[in-house]
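Protein chains in written order, with the numbering used here: chain G, 489 to 614; chain E, 489 to 614. Everything on this sheet refers to the single structure shown next.
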DNA sequence: GCTTGACCTGGAGCGCGCTCCAAGGGTCAT
DNA sequence: ATGACCCTTGGAGCGCGCTCCAGGTCAAGC
């Protein structure tokens with residue numbers, strides 16, 4: 489098997505694909521949130537594989553559901569530990585619990601917003 | 489009609505009732521987020537009425553659904569404008585839209601979390 | 001009269017998550 | 001070889017939403 493030369497997307501393409509900014513990609517990498525660091529081209533530029541980009545999707549999933557950077561870091565560090573699957577599962581289950589609580593609270597407040605809207609609709613439409 | 493002396497809860501009671509911290513209550517007041525500033529006792533301490541506390545509930549509702557302080561400020565300022573009910577309604581409707589989009593996105597990511605959990609459950613339980 | 005404790009003010013400080021900047025390098029088309 | 005353009009790094013800066021602090025006042029209980 490021959491080593492393929494580092495082909496793959498540039499950082500701006502990876503940014504577009506993931507919905508993150510170029511700066512954020514470099515920031516995440518610096519913070520140790522990447523599963524694998526992207527390869528570099530001969531001139532030192534990052535080249536993102538599909539796997540790299542897929543992991544960015546995981547990061548977006550965790551961030552956009554409110555997991556702090558430092559917790560994501562702990563999570564990704566488990567990927568470097570053999571047999572840590574049960575621990576990763578625990579973290580995900582805890583996070584799911586947290587997300588469900590958040591959702592429930594927001595929905596509760598949403599109901600209050602709806603009541604306030606109803607009140608104003610009646611008031612405004614006479 | 490006689491003026492009642494300023495009876496009402498202390499700031500710590502209002503904090504407990506609203507779920508906010510004492511510091512946050514003073515901060516919100518400073519930022520102009522209060523509908524009415526609480527009265528003061530003879531020694532200058534804040535005394536919160538039920539109405540004051542109810543408004544804190546509105547602030548919590550807006551904050552916990554992600555409305556930034558500066559937008560809440562615009563909203564409360566409309567309460568000082570006669571006939572601004574339609575504008576308040578518009579703000580609430582826009583905010584509801586925003587909340588619904590947020591909820592949809594979080595739920596989408598929650599589904600991805602569930603899939604990842606399923607994957608690990610299979611892996612861990614052999 | 002003294003202590004305790006809750007409150008007051010103005011302002012500084014902080015954690016988070018980016019976001020931006022300066023200074024420079026490589027690649028390519030004209 | 002000039003310019004455009006995208007990339008690199010380290011580090012500074014920022015917006016947000018609190019949170020904390022120093023130094024002081026006041027009221028109640030012992």
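Every residue, glycine too, gets a C-beta built ideally from N, C-alpha and C. Since we're looking at a predicted model, the values are computed, not measured.
In the three-state reduction of the DSSP assignment, residue 549/G falls in the helix class, which pools H, G and I.
For a Cβ distance threshold of 8 Å, nothing in chain G lies close to residue 499/E: the least Cβ distance comes to about 23 Å.
Under the DSSP assignment, residue 536/G falls outside any alpha helix (DSSP H); it carries neither an H nor an E label. DSSP places residue 582/E within a helical segment (H, G or I) once states are collapsed to three.
Per DSSP, the unbroken alpha helix (DSSP H) holding residue 516/G starts and ends at 510-518. When the Cα atoms are used, residue 579/E and residue 532/E turn out to be separated by approximately 35 Å. Taking every protein chain shown into account, the CB of residue 496/G has 16 or more other CB atoms within 10 angstroms, so this residue is buried. Within the same chain, 586, 587 and 590 come within 8 Å of residue 554/G by CB-CB distance, once the 5 residues on both sides are set aside. The Cβ-Cβ distance between residue 506/G and residue 544/G falls below 7 Å. Scanning its chain for C-beta atoms nearer than 6 Å, with the 5 sequence neighbours on each side dropped, one finds around residue 550/E the residues 560, in chain order. Residue 569/G and residue 540/G have their C-alpha atoms spaced approximately 19 Å apart. Among the residues facing chain G, residue 553/E is included, as its CB has a counterpart in that chain under 7 Å away. Taking every protein chain shown into account, the CB of residue 536/E has 16 or more other CB atoms within 10 angstroms, so this residue is buried. Chain E places no beta carbon closer than 7 Å to that of residue 561/G, leaving this residue out of the contacts.
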